[in-house]
Every structure is written in structure tokens, then in C-alpha cells.
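Chains A and B, in that order, give the protein sequences. Using our numbering, you'd call the opening residue of the first sequence number 479 and step up by one each time. Using our numbering, you'd call the opening residue of the second sequence number 2 and step up by one each time. To keep things clear, I will list the structure first and then write my remarks on it.
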Amino acid sequence: MNDKVYKALLLLTALFMPVICGGVVYALVTDAYDAFEHFGFFRFLTSSEWSYTQGAEKYGALPFITGTLMTTLLALIFCIPFSLPVALFVGEYFKGTRLAAVLGTVTDLLAGIPSIIYGLWGFYTLRPIIMALDISPQGSGVLTASLVLAIMIVPYAASLSAEFIKMVPNDLKEGAYSLGATRAEVVKSVIFPVAGSGIFSSYVLAIGRALGETMTVTMLIGNTNNIPDSITSTGNSMASIIANQFGEADDLRLSSLIAIGLVLFMITAVINMAGKMMIKRARI
Amino acid sequence: MKKILGSLMVLAMVFAMVSCGGNSSNGGREAQELSGAGATFPLPFYNVVFEQFAQVNGDAVAYGGIGSGGGVRNMRDKIVDFAGSDAYLSDKEMANMDPVIHIPTCMGAVVLAYNLDGVANLNLSGEVIAEIFAGEIKMWNDSRLVELNPGVNLPAEEIIPVFRSEGSGTTFVFTDYLSKVSGMWASKFGTGKSVNFPAGQAAKGNPGVAGVISQTRNSIGYLGSEYAFAQKIPYAKLRNANGEMVEPTAASISAAASGEIPADTRTSIVNSTAPGAYPIATFTWMIIYKEQNYSNRSREQAVATLDMLGYILSDDAQSITSQVHYAPLPHKAKELSLNNLKSVTYNGEAILQ
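In C-alpha cells, the structure reads:
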């Protein structure tokens, strides 16, 4: 009897999450409907105009989709050379040692730093460096935002990759060693092929995190409503345009911002699902 | 640890009670908590005024500097007691909401703050500012800038215009001025709380713009004057409609408002023709509903709102303006506002007799 009550309770709470998720999608779709109806779904996605002129308002999401994809892709590229060595260090070379435990914990700590702190650091430390190096005159831009984003997603990519690297069976590695392989060769020909899809999926999940990051990007990307023409120019991401303009938007502009939110939600959902599927396939 | 926290809380409560009790000027009603939101431009002034108001009247006022656009939106959603705005509502905006009144609280200047190594004095004219923000003048050593600044060593560097990323009354005042002095600006960009600036970068709020300018060499941006003063960012002298080069001071801002003021106080005073007037001056307003019974507000809250506005119009509060680099309201504006306050009702009955 008790067991039945317990089961029912569990079911109820478990159903709660899909209901909330469905509610979010429902709210986004109904509120974004105006914008899609007014501009057309594909025109909204492909138009680069964002003009407030009363009576002739034109809103298109392309600059922000581009901004988001550019910052995310760059962040991913910058993040690999930092996260992969950490993962190998913790998961293979110094597996189980005190040093690895310390390094792993410190990396995980990075994940707990609030994004506003990253933003401040980027604004007051990284931005002046970018200006001093003459990379871009105004310091803010896609590049600055991506660099800080890269640091933010390192812990996500590194810890998960390290887990997959640890899971590579010892007999496989020992087999390779007994054939005379060096450690580097083992990493290259045993660990990467075996843990590869797991490592890949951990990067996919890290991308999911970078896509929606708002505060840091808003502080560093320069907040201009244009398609960035180079990696050093300013722009706006989907999350940052919403953060910037949500407060005072109404009618069509509000609907357009929510539509951007919906698109961001869809992109993030697809990427996360892809990551999950990869992890499933990666069972060693 | 818990003990310390506990005693701190008790201490805080004692302070709160002391500051609530022991005052008589609120006519014996219970102390109220008022909330407002909007313009960041007058925020430094409001911070001081609200603190003093809490001392003399006991009512606490919480004000969120979210930008004029956001303040007006909160007002329309009826979730605040008052909105702060540097842009008066257009006829169209007013038609879309219940009747409101505008109460000017002080006057201020929008300054052109810049970050240029070794340049302590910079002269600008309206046309040149318009060209800079339109992206037409790209370099600091452009001939049009050199002409205005003889003898100043302007660097051969790219100009980085800085503007607001969200809807802003400061932007409204600034673009209102540019539209009046530059036909190119009026036709290409126009006046508004948000405008599509083609060049440079944007930041949120007056504090955000101030931060970016002070951190970015060769940048220039428009700011509420207090933000430039507080962060010691240099700002330019502007050529007014009489051809004088004017610095923003309490006197030059006041001079801008020496003309006629309409009964509802909704007026723009940019590009004033008065002698000695600073060209980008503005009133900043608080906006309240004429009928104060909305969203379950009590009559006492309505009375407290009017008390607060009455206090801001008083000489006590107005004398604070110049300390924080704004300018006091002209006599005429105060008179009109005190009159307008009398039209405010609760359930249809006038609150002030």
C-alpha cells in the first residue's frame, strides 16, 4: 500500500517537469506568434533589419543568430586547447593522484563562478588587453565575448571528457602497451577512438551552455544590432538583445524578442538532444 | 555566526523603527513604501532626495533605474507608484493609457563625454556631433573637428561613438537635439528612445556608458552630466543656437528653460535660443496617474506619493539639485506642477484641497 502511494507521488512529481517544459514552449509560441505572423517565419529568421521607426517597425533575427553562432563557435575553438589537456591529465596521465583531484576540483570550481564575475573580469581586465594589443579599437566585440565564454565552458567540457577517458578499459590500453606503444600512441590510437564520441558529446553539452549565456556576452559584445563583419567587430547575441531591450519593449518588438527567445530555445534543445544521443551511443 | 546575524537584524529593525517613528510632517498617517522605476539620468539626484524624504516624512521610496522606456512600461502595467522619464509621453502614448500627469523634478544636461589622451578641452557643434554619431566623421583629426578646436592636437585615431543599448530618455533628448540641428539626422535617424546608431558600441544605462567611455580610448558618448562629473570624465563645450561655446553648469542649464512652459509641462528645451543656454538641456519628469486608485493601492499610498512629489518641488529638495550637478526648476515650472498635483484624485475625489 505504502509502495503504491510512493509510486503515485513519484509519478506526479516526475510529470511536473514535462508540464513545465510544455508550458514554457506554449507561452513562447503564443507570444511570438505576432512577430511570425507579421514578418513571416523565414523572413523573420533571415532579415537583418532591426529598426524601431514608429509605424515602419522591422525586426529580423539574423544579426543575433549570427552573433550567437559566432560567439559559440569561437568559444568552442578556444576552449578545446584548454579543456582537452585537463581531461587527459585528470582522466589518464595522473589518474587517481592527488594532483589530478586538485586540478579537477579547481576546474569544476570555474563552473560555479557567477557569470557577472566573468563579465566584470572581461570588461576590466581582458578588454584593456585587447585594446592595448591593437586587436580592436573599442575592445568589446565577438572576440572578447568568445574568449571569456571559452573559459566559462572549459569545466563542462573538461570534467565530462575526463569521465569518458577514465572509462576506457584497462585491458585495451595494456594490450597496446604490450605491443610496444608509447603513452602518446596509446592516447592517439586507443583512448581517442574509444572515448571519442563521449568526448564529442561533452563538447556538445558545453556548446549548449555557451549558446544561452547572457550576462557575460551582454557586457562584452558591444550590443550593436548588426551582423558582425569580422570577429573583432561588435554585435549582439540572441540572449543579449533580449536582455538589453526586454525592459521597455512592447507590441511587435516584444513579440519579436520572444520569437528570438523561441528560436534560441529550439537551437539549444536540438543541440542538447544531439549531445544526449551521442552519450548513449558512447557506452563503452 | 547565527547570533551575530540575529543581533544585526535586530539592530536594523531598531533603526528602521526609529526612522519611521518620531516624525510629524506626514500628518500622522502610517509610513508607506513607494516604488518607482525609470530614468537613470536623474538617479543620483533621486537617491539623495529620497533619503532626505525618508528622514522628514518617514516614507521609504524605492526607485529602480531601468531606463525611461522601462519606467513608462511599468507605469502602463500599473505595477509602480510613479515612473521616472527624461522624455515626456507623446500624445499617442498618452492616448494608450489612463490619464497621467507629468511633474518635472529637476533639470539636467546631456553632456558629450570623451576619452582622448592629452585633450583637456574639446569644442563641438550640433552638426559635427550628428556627423560623428552617423558615422560620417570617422577620425578625430577630421577637418571639421580641427576647425572647431584650433590649437588642439587631435590624434589621427578612429572615433568610437558610445550609445545606449536600451530605450532611454537620455537618447531621446540627445536625438531630439540632433534632429533639430541637423537635417541629415532628422531624415536618416530621427528622434526616439531607441535609434539605430550605425557606428560604435552600446552599453546599458548611463552608468554603463560612463564605464565604457572611461575604459575606452578615443571614445565619445552622451551621458547625464552627473555621471561624467562623478567619474571625472571630461566633456565637451557645445556651440549653442547663438554661436556661443557653452559649458554645462547649473546657470547654463537654467538659462535653457527661460522660455514659455506649457501648462502640462511637456516641453523640449533643447537648442534653446536664450543667451548663455546649454543646448542639450532637459527637464526630467515623474509621471503618475491622475486617478490614484489602481492595482489595490490604498489612499495613504496615494497621499504619500503626492507628499513625495510635493517634497521634490520644495525649496529644500530643489536646493540639492546643484550639489549633484543638476539645475533647479524655474519658478514657473514649480507653480504649474503644484497646480497639476491638485487635479490628482482618489476614487474621483481630489486628494489635495
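A virtual CB, placed ideally from N, CA and C, is assigned to each residue, including glycine.
Quiz item: Just the Cα atoms here: how many angstroms apart are G463(A) and A717(A)?
Solution: Residue 463(A) lies beyond the stretch modelled for chain A, which goes from 479 to 762, so this question has no answer here.
Quiz item: If you draw a straight line from the alpha carbon of L146(B) to that of V129(B), how long is it in whole angstroms?
Solution: Spanning the two alpha carbons is a distance of roughly 7 Å.
Quiz item: So, does the CB of A207(B) fall closer than 8 Å to a CB anywhere in chain A?
Solution: According to the sequence as given, residue 207(B) is Asn; it is not Ala. Using beta-carbon distances, N207(B) does not count as an interface residue toward chain A, since no partner is under 8 Å.
Quiz item: Got a sec? Which residues, its chain only, sit under 6 Å from L638(A) by beta carbon, not counting five neighbours each side?
Solution: Here the set comprises S680.
Exercise. Could you name the residues of chain B that D728(A) contacts, counting a contact when the two beta carbons are closer than 7 Å?
Key: The answer, in chain order, is R74.
Quiz item: Of all the residues that make up the stretch 732 to 757 of chain A, which are near chain B by a beta-carbon distance shorter than 7 Å?
Solution: So nothing in the stretch comes that close.
Practice problem: Could you please give the first and the last residue of the uninterrupted alpha helix (DSSP H) stretch that includes K93(B)? | Solution: Looking at the DSSP string, the run of the alpha helix (DSSP H) that includes K93(B) is 92 to 96.
Practice problem: With DSSP as the reference, label P105(B) as helix, strand or coil. | Solution: DSSP places P105(B) within a strand segment (E or B) once states are collapsed to three.
Quiz item: Of all the CB atoms in chain A, is at least one closer than 8 Å to the CB of E167(B)?
Solution: Yes, because at least one Cβ of chain A sits closer than 8 Å to the Cβ of E167(B).
Quiz item: If you draw a straight line from the alpha carbon of D728(A) to that of T268(B), how long is it in whole angstroms?
Solution: Straight-line Cα distance between these residues: approximately 25 Å.
Quiz item: Out of curiosity, what's the CA-to-CA distance linking V196(B) and I321(B)?
Solution: C-alpha of V196(B) to C-alpha of I321(B): approximately 33 Å in a straight line.
Quiz prompt | Beta-carbon contacts of T156(B) that lie in its chain and below 6 Å, excluding the five residues immediately before and after | solution = Reading the sequence as shown, one finds Pro at residue 156(B) and not Thr. A distance below 6 Å between beta-carbons, with the five flanking residues on each side excluded, links P156(B) to the following residues of its chain, in chain order: W141.
Exercise. Take every Cβ of the stretch 115 to 123 of chain B, pair it with every Cβ of the stretch 77 to 90 of chain B, and state whether three or more of those distances are shorter than 8 Å.
Key: Output reads no: the stretch 77 to 90 of chain B does not touch the stretch 115 to 123 of chain B.
Self-check item: Cβ shell of T346(B) (< 7 Å), same chain only, five flanking positions each side left out
Solution: Shown here for T346(B): same chain residues with a beta carbon closer than 7 Å to its own, the five before and five after excluded, namely K291, E292, Q293, I352 in chain order.
Quiz prompt | Cβ neighbours of M2(B) in the same chain (closer than 6 Å, five flanking residues each side left out) | solution = Below a pLDDT of 50, predicted positions are generally treated as unreliable, and M2(B), at 45, falls in that range; no measurement from the model is reported.
Exercise. Mind checking which residues open and close the alpha helix (DSSP H) that includes T524(A)?
Key: First-last of the alpha helix (DSSP H) with T524(A): 519 to 524.
Practice problem: Kindly list the residues whose CB is nearer than 6 Å to the CB of I594(A), restricted to its own chain and excluding five residues on each side of it in sequence; keep chain order. | Solution: M693, listed in sequence order.
Quiz item: Is any beta-carbon of chain A found at less than 8 Å from that of G22(B)?
Solution: For G22(B), the predicted model reports a pLDDT of 42, less than 50, meaning its position is unreliable and no value from the coordinates is stated.
Self-check item: alpha helix (DSSP H) segments (min. 4 residues) lying fully within the stretch 527 to 566 of chain A
Solution: Entirely contained in the stretch 527 to 566 of chain A, the alpha helix (DSSP H) runs reaching 4 residues are, in chain order, 540 to 566.
Quiz item: Considering only C-alpha positions, which residue in the set N207(B), L179(B), M95(B), A32(B) is nearest to G68(B)?
Solution: Residue nearest to G68(B) within the set N207(B), L179(B), M95(B), A32(B) is N207(B) (criterion: CA-CA distance).
Quiz item: Which first and last residues belong to the alpha helix (DSSP H) in which Y312(B) is found?
Solution: Segment 300 to 314, the alpha helix (DSSP H) holding Y312(B).
Practice problem: Tell me, to the nearest whole angstrom, how far the beta carbon of S220(B) is from that of Q616(A); I am working on the premise that it is less than 8 Å. | Solution: In this structure, S220(B) and Q616(A) form a Cβ contact; the two beta carbons are roughly 7 Å apart against a cut-off of 8 Å.
Exercise. Report all residues from its chain with a CB closer than 6 Å to the CB of N701(A); omit the five preceding and five following residues, and keep chain order.
Key: If you ignore the 5 residues before and after N701(A), its C-beta comes within less than 6 Å of the C-beta of N714, N722, all in its own chain and listed in chain order.
Self-check item: Boundaries (first-last residue) of the alpha helix (DSSP H) holding S226(B)
Solution: Here the alpha helix (DSSP H) through S226(B) covers 226 to 231.
Quiz item: Got a sec: is the Cβ-Cβ distance from G349(B) to anything in chain A below 8 Å?
Solution: For G349(B), the nearest beta carbon of chain A is not closer than 8 Å to its own beta carbon.
Quiz item: Starting from K644(A) and walking both ways along the alpha helix (DSSP H), at which residues does that stretch end?
Solution: Residues 620 to 644.
Quiz item: Is it right to say R240(B) is buried, meaning 16 or more other beta carbons lie within 10 angstroms of its own, or is it exposed?
Solution: By the neighbour-count rule (16 or more Cβ atoms within 10 Å), R240(B) is buried.
Self-check item: chain B contact for R605(A) (CB, 8 Å cutoff)
Solution: Output row for R605(A): interface = yes.
Quiz item: So with Cβ pairs under 8 Å, would you call G548(A) a contact of chain B?
Solution: The sequence shown places Met at residue 548(A), not Gly. Proximity of M548(A) to chain B, defined by a Cβ-Cβ separation below 8 Å, is not satisfied.
Quiz item: Beta-carbon of A203(B) versus every beta-carbon of chain A: anything under 8 Å?
Solution: Yes - at least one Cβ of chain A is within 8 Å of the one on A203(B).
Quiz prompt | Which of helix, strand or coil DSSP assigns to G193(B) | solution = G193(B): coil per DSSP, three-state reduction.
Quiz prompt | CB of A673(A) within 8 Å of CB of M645(A), strictly | solution = Yes; because the gap between Cβ atoms is below 8 Å, this pair is in contact.
Practice problem: Report the neighbours of S529(A) on chain B: residues whose CB is nearer than 9 Å to its CB, in chain order. | Solution: Here the neighbours are N197.
Practice problem: Please confirm if L609(A) has its CB atom under 8 Å from at least one CB of chain B. | Solution: The sequence as given places Met at residue 609(A); Leu does not occur at that position. Nearest CB-CB separation between M609(A) and chain B: below the 8 Å threshold.
Practice problem: Would you verify that the beta carbon of Q354(B) is, or is not, closer than 8 Å to some beta carbon of chain A? | Solution: Chain A, which has no Cβ nearer than 8 Å to the Cβ of Q354(B), makes this no.
Practice problem: Quick one: residues in its chain with C-beta nearer than 8 Å to the C-beta of T176(B), no 5 flanking neighbours on either side, listed in chain order? | Solution: Correct list, in chain order: W186, F190, G191, T192, G193, V196.
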